[in-house]
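Single-structure report; data block below.
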Amino acid sequence: MKEYTQQINFTDELKARIRELISRYPAEHKKSALLPVLHAVQDAHDNWLSVPLMDKVAEILEIKPIEVYEVVTFYTMYNQKPMGKYMLEFCRTTCCAIQRGEDLMEYTCNKLGIKPGETTPDGMFSVVGVECLGACGYGPMLQLGDYYHEHLTEEKIDALLEDCRQGKVNLH
Amino acid sequence: MATKILFEKLDIPGIETYEVYRKNGGYTSVEKALKTMSPDEVTEQVKLSGIRGRGGAGFPMGMKWSFIDKASGKPRHLVVNADESEPGTYKDRFLMHHIPHLLIEGAIVASYALGANLSYIYIRGEYMWIYKILEKALAEAYDNGWLGKNILGSGFDLDLHVHCGAGAYVCGEETALLESLEGKRGNPRMKPPFPAVSGVWAEPTVVNNVESISSVSWIVNHGGEAYANVGIGKSTGTKLICASGHIKNPGVYEVEMGMPVEEFFYSDEYLGGMIDDRPLKAVIPGGASMQILPTQYIFKTANGDPRLMSYESWADGGKLTGSGLGSGGFMVFNDTVCIVRNTWNISRFFHHESCGQCTPCREGTGWMEKILYRIENGLGREEDINILYDIQSQIEGNTICPLGDAASWPVAAAIHHFREEFEYHVRFPEKVKNKDHFRNEPMDKVRHLINSMAVS
Ligand SMILES: Cc1cc2nc3c(=O)[nH]c(=O)nc-3n(C[C@H](O)[C@H](O)[C@H](O)COP(=O)(O)O)c2cc1C
Ligand code: SF4
Ligand code: FES
Numbered sequence: 001m002k003e004y005t006q007q008i009n010f011t012d013e014l015k016a017r018i019r020e021l022i023s024r025y026p027a028e029h030k031k032s033a034l035l036p037v038l039h040a041v042q043d044a045h046d047n048w049l050s051v052p053l054m055d056k057v058a059e060i061l062e063i064k065p066i067e068v069y070e071v072v073t074f075y076t077m078y079n080q081k082p083m084g085k086y087m088l089e090f091c092r093t094t095c096c097a098i099q100r101g102e103d104l105m106e107y108t109c110n111k112l113g114i115k116p117g118e119t120t121p122d123g124m125f126s127v128v129g130v131e132c133l134g135a136c137g138y139g140p141m142l143q144l145g146d147y148y149h150e151h152l153t154e155e156k157i158d159a160l161l162e163d164c165r166q167g168k169v170n171l172h
Numbered sequence: 173m174a175t176k177i178l179f180e181k182l183d184i185p186g187i188e189t190y191e192v193y194r195k196n197g198g199y200t201s202v203e204k205a206l207k208t209m210s211p212d213e214v215t216e217q218v219k220l221s222g223i224r225g226r227g228g229a230g231f232p233m234g235m236k237w238s239f240i241d242k243a244s245g246k247p248r249h250l251v252v253n254a255d256e257s258e259p260g261t262y263k264d265r266f267l268m269h270h271i272p273h274l275l276i277e278g279a280i281v282a283s284y285a286l287g288a289n290l291s292y293i294y295i296r297g298e299y300m301w302i303y304k305i306l307e308k309a310l311a312e313a314y315d316n317g318w319l320g321k322n323i324l325g326s327g328f329d330l331d332l333h334v335h336c337g338a339g340a341y342v343c344g345e346e347t348a349l350l351e352s353l354e355g356k357r358g359n360p361r362m363k364p365p366f367p368a369v370s371g372v373w374a375e376p377t378v379v380n381n382v383e384s385i386s387s388v389s390w391i392v393n394h395g396g397e398a399y400a401n402v403g404i405g406k407s408t409g410t411k412l413i414c415a416s417g418h419i420k421n422p423g424v425y426e427v428e429m430g431m432p433v434e435e436f437f438y439s440d441e442y443l444g445g446m447i448d449d450r451p452l453k454a455v456i457p458g459g460a461s462m463q464i465l466p467t468q469y470i471f472k473t474a475n476g477d478p479r480l481m482s483y484e485s486w487a488d489g490g491k492l493t494g495s496g497l498g499s500g501g502f503m504v505f506n507d508t509v510c511i512v513r514n515t516w517n518i519s520r521f522f523h524h525e526s527c528g529q530c531t532p533c534r535e536g537t538g539w540m541e542k543i544l545y546r547i548e549n550g551l552g553r554e555e556d557i558n559i560l561y562d563i564q565s566q567i568e569g570n571t572i573c574p575l576g577d578a579a580s581w582p583v584a585a586a587i588h589h590f591r592e593e594f595e596y597h598v599r600f601p602e603k604v605k606n607k608d609h610f611r612n613e614p615m616d617k618v619r620h621l622i623n624s625m626a627v628s
């Protein structure tokens, strides 16, 4: 497997956010903050979690590194390798599937020259198939960062990719 | 005018903000409960209302609250289940997005009734922007004295926080959710002990769905009896139905329990009928875990009574000709939909989401996915259909959590009602190689092929 290295940087802002998250749980149950803390840490580190970064989280929450690995490998939203700057997550479940969601994911992959799960060589885009995102009445849809893009068409995807290239899309 | 309980104030401009919500009677149920009612009196009203949990299982909410272990003296908790991942379901997101304070208000009153001083809203990680809406709304509730110490001078303290998951359907199952809230993998726990005795951090906990908790304020304001007067029989109140698929008006609707399905389906106020006037083929009425129903059992039960929007009516006929209201994820399919492909898609979903603790679920869901894939792609064998039946029957009832059942019922129902489509796939592999086969040539056009062939 290819090795990737990651720049680790706990800014003051991130540290303050982590402190706030930890304060939501009783002091003796600091571990409870693990999932939200991992989200905050991943968001601040180019959307993925390397082993040294996970170890750092373990240290902050005073738990064993294995307890962090267990969680990171269980939940689909934590990435263990670098992803594209813009990660397009297509819903592939029932209601989106019957509304041509699969075709649109294929369209996007062809356009970008990648397969589902892959990232473009310039590191700009990844395409991923995910399960129902709770937008079933507004499908087909995809998630990009914190936001949903619904009622997708080829034209909408073209415009979205273009906006990403021009830096016009907010992820958080 | 149909009674609106959850959507009563939805149309008020700005209702998502604290100021407008408060000006329009928001948080009065907290005032009423904390100033004039004991915790047990609140629980009593919820019991009287007859409301059943809206997360899918339909367990009476007041009864669940009365099970919470107060005697042990351990800290107690309310955990709101906002994991909403059942395919077809998006009502909780809708409520939290458009009227977030309704959930917070309900959670305060519920926590008061349970004697919980530390409660959580567990939201799925993908709903990150809703998570942020809730964080903001919670901060407003703290700033205005609805949360924190000695609320309204009543002596009741409550901290309410939002916690996020990270992508795992199984975390909607209440014990997996509690594991996840403790910072662990979402593996469901063996029951008993039930969460009401040993929940988060082994402390007594009640888990309720967003829609359930959002109904509490209305119940307290108007009284349990008024709530029970809405609806039909043991299905009291209203239910949010989220409709998707081939209908004119997809969206989230609040319907009074007992409304005829036919009215819901065809009236312009609701779904408005089929889009593009293509024929209706099937409906899954309550999320992907529920059984699919063919046309003849959607608007009428097996003995010819009108099918109603209620727990009892959808379940009428049991597993053979009935289904379930479930989470309210109402999915409509026209004649271009391939039931085999759809069932494969749902099996793939459950296989992907199985936590892997129980062998029947971990292995069985994978086998079903593989077999369905092969049938759908024209590589199936006649005996595959019965193998599928066999696998699903061996998962059912043999697992720690209900995900195993949820994965097996849709397969059984699909074969039971649409066996001819499975046979068509097996016998005419060339015809199904293209995944859009029914888009180009619906079942009605090819049925004669099966009938003309001797059944082995
Ligand atoms: C696999 C599985 C997934 C579930 N997902 C959810 C969910 O996303 N939201 C929910 O409220 N309940 C879900 N439930 C039901 C919960 O276990 C629990 O019954 C419910 O949260 C209780 O709340 P209620 O009584 O208010 O419905 C799920 C159950 C299972 C077995
Ligand atoms: S039934 Fe499936 S999801 Fe539930 S505990 Fe067993 S393996 Fe996990
Ligand atoms: S099926 Fe795609 S969002 Fe639910």
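Keeping their order, the protein sequence lines are chains R and P. In terms of this note's numbering, the first sequence is residues 1 to 172. In terms of this note's numbering, the second sequence is residues 173 to 628. Every residue gets a Cβ at the ideal spot worked out from N, C-alpha and C, and that includes glycine. Note that this is a predicted model, so its numbers are computed, not measured.
query	result
Please work out which residues of its chain come closer than 6 angstroms, Cβ to Cβ, to ILE518(P), disregarding the five sequence neighbours upstream and downstream, and give them in chain order.	ALA460 and PRO582
So with CB distances below 8 angstroms, who are the chain P contacts of TYR86(R)?	Within chain P, no residue comes near TYR86(R); the closest Cβ sits about 16 angstroms away, beyond 8 angstroms.
How would you call ARG311(P), buried or exposed, if buried means at least 16 neighbouring beta carbons within 10 angstroms?	A quick correction: the sequence has Ala, not Arg, at residue 311(P). By the neighbour-count rule (16 or more Cβ atoms within 10 Å), ALA311(P) is not buried but exposed.
Using the Cα positions of THR73(R) and GLY444(P), report the straight-line distance between them to the nearest angstrom.	44 angstroms
Counting C-beta neighbours from all protein chains within 10 Å, is the total for LEU62(R) 16 or more, i.e. buried, or is it exposed?	Checking the sequence shown, residue 62(R) turns out to be Glu, not Leu. GLU62(R) is exposed by the Cβ-count criterion.
At which residues does the beta strand (DSSP E) containing ASN380(P) begin and terminate?	377-381
DSSP three-state label for ASN667(P), please.	One cannot answer for residue 667(P) here, as it falls past the ends of chain P, which runs 173 to 628.
Using a C-beta cutoff of 9 angstroms, does TYR299(P) count as contacting chain R?	yes
Which residues in the same chain have their Cβ closer than 7 angstroms to the Cβ of ALA40(R), if we skip the five residues on either side of it in sequence?	LEU14, ARG17, ILE18 and LEU21
Does the beta-carbon of THR11(R), which I'm using as the reference point, lie nearer than 8 angstroms to any heavy atom of ligand 1?	no
Residues of chain P with CB under 7 angstroms from PHE74(R), in chain order?	ALA340, ARG357 and GLY358
Using only alpha-carbon positions, find the residue among ILE419(P), LYS406(P), LEU465(P) and SER238(P) that is nearest to PRO376(P).	SER238(P)
Would LYS156(R) pass as an interface residue toward chain P - the criterion being a Cβ-Cβ separation below 9 angstroms?	no
Between the alpha carbons of GLU89(R) and PHE522(P), how many angstroms are there, rounded?	19 angstroms
Going by DSSP in three states, HIS151(R) sits in which element: helix, strand or coil?	coil
Which of helix, strand or coil does DSSP assign to ALA579(P)?	helix
So, does the CB of HIS29(R) fall closer than 9 angstroms to a CB anywhere in chain P?	yes
Assign ASN9(R) to one of three DSSP states: helix, strand, or coil.	coil
Among the residues of its own chain, which have a CB less than 7 angstroms from the CB of LEU480(P), if the five just before and after it don't count?	ILE404, GLY430, MET431, PRO432 and VAL433
Excluding the 5 residues preceding and the 5 following LYS472(P) in the sequence, name in chain order all residues of the same chain whose CB lies nearer than 8 angstroms to its CB.	PRO478 and ARG479
Please classify PRO367(P): does DSSP put it in a helix, a strand, or coil?	coil
So which residues put a beta carbon under 6 angstroms from any heavy atom of ligand 2, going in chain order?	VAL342(P), PRO360(P), SER526(P), CYS527(P), GLY528(P), GLN529(P), CYS530(P), CYS533(P), ARG534(P), THR571(P), ILE572(P), CYS573(P), LEU575(P) and GLY576(P)
Between the region 263-277 of chain P and chain R, which residues of the former have CB atoms less than 7 angstroms from a CB of the latter, in chain order?	ARG265
Comparing the CB of ILE240(P) with every heavy atom of ligand 1, is any distance shorter than 8 angstroms?	no
Contact criterion: CB-CB distance below 9 angstroms. Does THR238(R) meet it with respect to chain P?	Only positions 1 to 172 of chain R appear in this structure, which leaves residue 238(R) out of reach.
Which residue or residues does DSSP assign as beta-bridge partners of LEU465(P)?	VAL455(P)
Going by DSSP in three states, LEU38(R) sits in which element: helix, strand or coil?	helix
Does the Cβ of TYR299(P) lie closer than 8 angstroms to at least one heavy atom of ligand 3?	no
ILE8(R): buried (16+ other C-beta within 10 angstroms of its C-beta) or exposed?	exposed
Note down the Cα distance separating ILE385(P) from LEU144(R), rounded to an integer number of angstroms.	30 angstroms
Between the beta-carbon of SER389(P) and the beta-carbon of LEU206(P), is there less than 9 angstroms?	no
Does DSSP classify HIS249(P) as helix, strand or coil?	strand
Would you mind sorting THR93(R) into buried or exposed? The rule is 16 or more other CB atoms within 10 Å of its CB.	buried
THR153(R) to VAL192(P), Cα distance in whole Å?	36 angstroms
Note down, in chain order, every chain R residue with its Cβ under 8 angstroms from the Cβ of THR377(P).	Here the premise fails: no neighbours, minimum Cβ distance about 13 angstroms.
Given that LEU353(P) touches chain R, what residues does it touch there, using C-beta distances under 7 angstroms?	SER32
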